[in-house]
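Numbering (my numbering), first residue to last: 760 to 894. Worksheet: the structure to be examined is printed underneath.
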Ligand code: ZN
């Protein structure tokens, strides 16, 4: 892992939070993307070299809907950039971490992603993400 790629924040209403975060960061979101398989709609902001991802649930079974129910709005996950997600998953499994997606899946923002179970990481949901190279 070589840097924090983005922070994921669970929100109830993406439109309202887009306005709020545009004011906070002084810049508009640069994309909105729905990940139907996860039941989420996301928007992305850049803040200097860093990114913030806002996540809204699109159905009641979405992990974001469940998170909002349990914990309310707030920081949902920390995503770390990795160069080789398959190697990193195998390294972390070797260290005893529980990987929720042994086979990385396609996430938002052109990334292959995998999550670690928060039970093993002090209740922090950790996302690994690897940029999908074009061509
Ligand atoms: Zn994320």
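The beta-carbon is built from N, C-alpha and C at its ideal position, and this holds for glycine as well. As the structure is a computational prediction, the values presented were derived from the model and not from experiment.
For residue 812, same chain residues with a beta-carbon under 6 Å away, outside a window of 5 residues either side, are 765, 767, 801 and 803 in chain order. Straight through space, the alpha carbons of residue 875 and residue 884 are spaced by roughly 6 Å. Taking every protein chain shown into account, the CB of residue 798 has 16 or more other CB atoms within 10 angstroms, so this residue is buried. Runs of alpha helix (DSSP H) with 4 or more residues, each lying fully within the segment 808-845, are found at 822-830, listed in chain order.
With contacts defined by Cβ atoms closer than 8 Å, residue 827 and residue 771 form a contacting pair. For residue 832, the distance from the CB to the nearest heavy atom of the ligand ZN is not below 7 Å.
By the neighbour-count definition (other C-beta atoms within 10 Å, threshold 16), residue 836 is a buried residue.
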